[in-house]
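K.L.:
Please read through the structure below; I'll follow up with questions.
Numbering (the working numbering), first residue to last: 1 to 234.
Here it is in structure tokens:
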């Protein structure tokens with residue numbers, strides 16, 4: 001309950017400050033590790049509060065063991081009439097193309113990420129080039145299928161590809177946005193925004209932001225390489 005109240009307070013503050021921002025949360029913070037019904041009830045309360053304020057809530061994706069439960073909760077919220085909620089697809093998971101097809105009838109709001117958790121090769125692509133190709137295929141299919149897509153990447157090659165694809169297919173810029181991490185390639189963020197694209201910057205919140213960052217870097221060796229390479233680039 002304390003976690004729910006904290007999210008509600010954040011939503012209230014965003015509304016008071018009239019910020020162009022939204023929250024993303026993990027269902028394990030709302031009880032998913034213990035009970036799916038508890039997680040749903042907690043999330044539904046937050047989403048309803050956000051709806052009253054005209055705000056949006058993103059459900060983050062976690063390890064593969066939580067993927068199915070996360071999608072089920074998202075689908076249940078949408079069936080209950082909550083339109084102000086979105087979810088995440090991880091490109092490195094072999095299951096993601098099928099998950100996308102499952103979600104497209106809902107005209108979903110999707111964030112597409114490459115994937116950061118350490119998973120077995122039977123569950124996720126281990127090689128970067130395979131992940132990159134899967135990422136592009138997901139974004140193209142999501143846009144073609146009518147979804148709103150948050151393209152979460154610092155990869156300029158992929159950004160240029162998505163921009164060219166949208167232009168070629170006559171998909172308006174209001175149908176997608178770019179998302180990047182706070183402090184990672186800020187010059188690129190400004191450059192993309194200056195070109196007329198919506199850019200959102202993801203910022204960890206709370207007193208434990210530093211342990212969170214270190215934990216994410218330690219989960220998968222490629223994460224550390226990515227962070228060190230990009231933090232030095234502009």
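Glycine included, C-beta positions come from ideal geometry on N, C-alpha and C.
Bear in mind the structure is a predicted one, so any value in this text is a computation, not a measurement.
#1: Just the Cα atoms here: how many angstroms apart are residue 95 and residue 123?
#2: Report all residues from its chain with a CB closer than 8 angstroms to the CB of residue 10; omit the five preceding and five following residues, and keep chain order.
#3: Within its chain, find whatever has a CB closer than 6 angstroms to the CB of residue 199; leave out the 5 residues flanking it on each side and keep chain order.
#4: May I ask you to verify whether the stretch 98-117 touches the stretch 130-144, counting CB pairs closer than 8 angstroms and requiring at least 3?
#5: Would residue 71 and residue 87 be called neighbours here (beta carbons separated by less than 8 angstroms)?
#6: Output the distance between the C-alpha atoms of residue 76 and residue 68, rounded to the nearest integer angstrom.
#7: Go through its chain and collect everything with a Cβ distance to residue 182's Cβ below 7 angstroms, but skip five positions before and after it.
#8: Name the DSSP bridge partner or partners of residue 90?
#9: Would you decide whether residue 210 is buried or exposed? Buried here means 16 or more other CB atoms lie within 10 Å of its CB.
#10: Please list, in chain order, all residues of the same chain as residue 173 whose beta carbon is under 8 angstroms from its beta carbon, the five residues on each side excluded.
#11: Based on the DSSP secondary-structure assignment, which residues constitute the bridge partners of residue 202?
#12: Just to confirm my understanding: we take residue 29, look at its own chain, exclude 5 residues before and 5 after, and list those with CB closer than 7 angstroms. What are they?
#13: Mind checking whether residue 33 and residue 119 have CB atoms under 8 angstroms apart?
#14: Consult DSSP for residue 106 and reduce its assignment to one of helix, strand or coil.
P.N.:
Walking through what the data contain:
#1: Taking the chain shown and counting its residues from 1, the one referred to as residue 95 is at position 95. Taking the chain shown and counting its residues from 1, the one referred to as residue 123 is at position 123. If I take the Cα positions, the gap works out to 8 angstroms.
#2: In the chain shown, residue 10 corresponds to position 10, counting from 1. Counting only Cβ-Cβ distances below 8 angstroms, and skipping sequence neighbours, we find 23, 205.
#3: Here residue 199 refers to the residue found at position 199 when the chain shown is read from its first residue. Result list for residue 199: 178, 189, 192, 193, in chain order.
#4: yes
#5: If you number the chain shown from 1, residue 71 lands on position 71. If you number the chain shown from 1, residue 87 lands on position 87. It is a contact, given that the beta carbons lie within the stated cut-off.
#6: One-based indexing of the chain shown puts residue 76 at position 76. One-based indexing of the chain shown puts residue 68 at position 68. Spanning the two alpha carbons is a distance of roughly 12 angstroms.
#7: Locating residue 182 in the chain shown gives position 182, where the first residue counts as 1. Excluding sequence neighbours, residue 182 sits near 201, 202, 203.
#8: Locating residue 90 in the chain shown gives position 90, counting from the first residue. BP columns for residue 90 point to 113.
#9: As a first step, residue 210 is located in the chain shown; it is residue number 210 there, counting from the start. Exposed.
#10: Here residue 173 is taken as the residue at index 173 of the chain shown, counted from 1. The residues are 166, 196, 197, 198.
#11: Here the question's residue 202 lines up with position 202 in the chain shown. 181.
#12: Indexing the chain shown from 1 puts residue 29 at position 29. The answer, listed in chain order, is 3.
#13: Along the chain shown, read from residue 1 onward, the residue named residue 33 stands at position 33. Along the chain shown, read from residue 1 onward, the residue named residue 119 stands at position 119. No; because the gap between Cβ atoms is not below 8 angstroms, this pair is not in contact.
#14: The sequence position of residue 106 within the chain shown is 106, counting from 1. It is helical.
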